[in-house]
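Numbering (UniProt numbering), first residue to last: 1 to 374.
All residues carry an ideal CB built from backbone N, CA and C; glycine is no exception.
In structure tokens:
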């Protein structure tokens, strides 16, 4: 049987064998994990299983193939789907023979009509993850693949007859108010939550009413993402009342248990899309997708429209790198109007300080030109 912990006195011990593809590869364990809590015992068992399986595969078989590596790699459902066509191409290819240029060329061959973003997401990232899961961090360097340059992205977009990434305006209060007039209750609350907190759609969808809400104290918790921890935020009173009014909801198809309750009742990040699109159509406003309406809208509102302290905006919105926030999540708005306003402000200051005006300067230049021509 696989390794599992059991209590013995004050500590948790491990018993069982490590198995690989359903067969035991070690002698029977009966030893202390050194952990005083059950969770620590389970963690020891999983770490020991991973270590012994790696030793078994890499020690006994120096010619590990990509397919064998994929069989052991703990891929989630989405990554597993990306790996299927890669294994079809590279199943018998030795892991040690794979070079970064091979990965880039495979992406082009598998998806000739896709964008460079798709190549990265569906080929480079999964292959890199599988290979790095077998790299010894103490003895070897991580497997790295150079990303695609801007020139390569543009060239690929031209080759496939596309203009590249669709650009969406960031959300704004004006857009949000119109959207909410025609959106269902939970879509309206979802849009407001993302706009005022900077939460990603995946974070908002994952929120649970019991675990992530402290509405009596005017707070909600945004689940951690991108290597950052959960963050508790004070929210506006209007949002508190709106979230309080939401009924307890389970995602469609989920068991009706407290554990499966979700604040907005959606199963995954794509679930709100249909209602979101209908609300935009009914309001007669441009369609802005979740990320642009929420996180980009928050970044634009705080950094450009309201110009608050970027450190405060970054901390509240969950950016560890404020330079990334300003570079990626802010956008130029009303370019001509702002430049012309600045032009005339500077001109008025100069006219005031010199006693001259642009119109008299123009007349003087015209008179000098005529005189020189005569």
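For a cutoff of 8 Å on Cβ pairs, would you count residue i as touching chain C?
i: residue 291; result: The structure shown contains no chain C, having only a single protein chain.
Can the beta-carbon of residue i be found closer than 8 Å to that of residue j?
i: residue 95; j: residue 75; result: no
i: residue 295; j: residue 194; result: yes
i: residue 248; j: residue 213; result: no
i: residue 308; j: residue 175; result: no
i: residue 328; j: residue 311; result: no
i: residue 170; j: residue 77; result: no
i: residue 262; j: residue 251; result: yes
i: residue 122; j: residue 82; result: yes
i: residue 192; j: residue 239; result: yes
i: residue 156; j: residue 115; result: yes
i: residue 84; j: residue 103; result: no
i: residue 154; j: residue 128; result: no
Could you spell out where the beta strand (DSSP E) holding residue i opens and where it closes?
i: residue 4; result: 4-8
i: residue 11; result: 11-16
i: residue 29; result: 29-35
i: residue 220; result: 219-222
i: residue 117; result: No beta strand (DSSP E) contains residue 117, which is instead part of the alpha helix (DSSP H) from 116-119.
i: residue 319; result: Residue 319 -> no beta strand (DSSP E), and no H or E assigned at all.
i: residue 180; result: Counting along the chain, residue 180 falls outside any beta strand (DSSP E), though it belongs to the alpha helix (DSSP H) covering 173-182.
i: residue 234; result: 231-234
If you draw a straight line from the C-alpha of residue i to the C-alpha of residue j, how long is it?
i: residue 348; j: residue 340; result: 12 Å
i: residue 210; j: residue 258; result: 9 Å
i: residue 87; j: residue 318; result: 37 Å
i: residue 160; j: residue 113; result: 6 Å
i: residue 139; j: residue 226; result: The predicted model places residue 139 with a pLDDT of 46, which falls under 50 and marks its position as unreliable; any figure quoted below should be read in that light. Approximately 27 Å, taken between the alpha carbons.
i: residue 117; j: residue 130; result: 19 Å
i: residue 387; j: residue 178; result: Residue 387 lies beyond the residue range present for the chain, which begins at 1 and ends at 374; the question has no answer from this structure.
i: residue 42; j: residue 224; result: 23 Å
i: residue 158; j: residue 134; result: 38 Å
i: residue 345; j: residue 330; result: 24 Å
i: residue 19; j: residue 57; result: 12 Å
i: residue 47; j: residue 27; result: 17 Å
i: residue 23; j: residue 111; result: 37 Å
i: residue 55; j: residue 25; result: 10 Å
i: residue 255; j: residue 264; result: 16 Å
i: residue 35; j: residue 52; result: 20 Å
i: residue 143; j: residue 288; result: 37 Å
i: residue 67; j: residue 108; result: 20 Å
i: residue 12; j: residue 105; result: 49 Å
i: residue 101; j: residue 50; result: 29 Å
Taking residue i and residue j to be in contact with their CB atoms under 8 Å, please state how far apart those CB atoms are, rounded to whole angstroms.
i: residue 235; j: residue 220; result: 6 Å
i: residue 92; j: residue 65; result: 5 Å
Going along the chain, which residues of its own chain have a beta-carbon closer than 6 Å to the beta-carbon of residue i, five neighbours each way excluded?
i: residue 183; result: 279
i: residue 201; result: 269 and 290
i: residue 297; result: 170, 171 and 195
i: residue 357; result: 351
Grab me the residues of residue i's own chain with a C-beta within less than 7 Å of its C-beta, minus the 5 sequence neighbours each way, in chain order.
i: residue 15; result: 4, 6, 29 and 30
i: residue 266; result: 205, 251 and 272
i: residue 232; result: 219 and 221
i: residue 147; result: 120
i: residue 126; result: 79, 82, 83 and 86
i: residue 216; result: none
i: residue 320; result: 228
Can you name the start and end residues of the alpha helix (DSSP H) that residue i belongs to?
i: residue 246; result: No alpha helix (DSSP H) contains residue 246, which DSSP labels as neither H nor E.
i: residue 403; result: Here the chain comprises residues numbered 1 to 374, so residue 403 is not present and cannot be evaluated.
i: residue 77; result: 77-90
i: residue 266; result: Where residue 266 is concerned, there is no enclosing alpha helix (DSSP H), given that its DSSP letter is neither H nor E.
i: residue 195; result: 185-197
i: residue 125; result: 125-132
i: residue 256; result: Premise fails: residue 256 is in no alpha helix (DSSP H) and is neither H nor E.
i: residue 106; result: 100-110
i: residue 71; result: 66-72
i: residue 156; result: 150-159
i: residue 162; result: Here residue 162 belongs to no alpha helix (DSSP H), and DSSP marks it neither H nor E.
i: residue 298; result: 297-300
i: residue 202; result: 201-206
CB-CB under 8 Å to residue i, same chain, minus the five flanking residues each way: which ones, in chain order?
i: residue 181; result: 283
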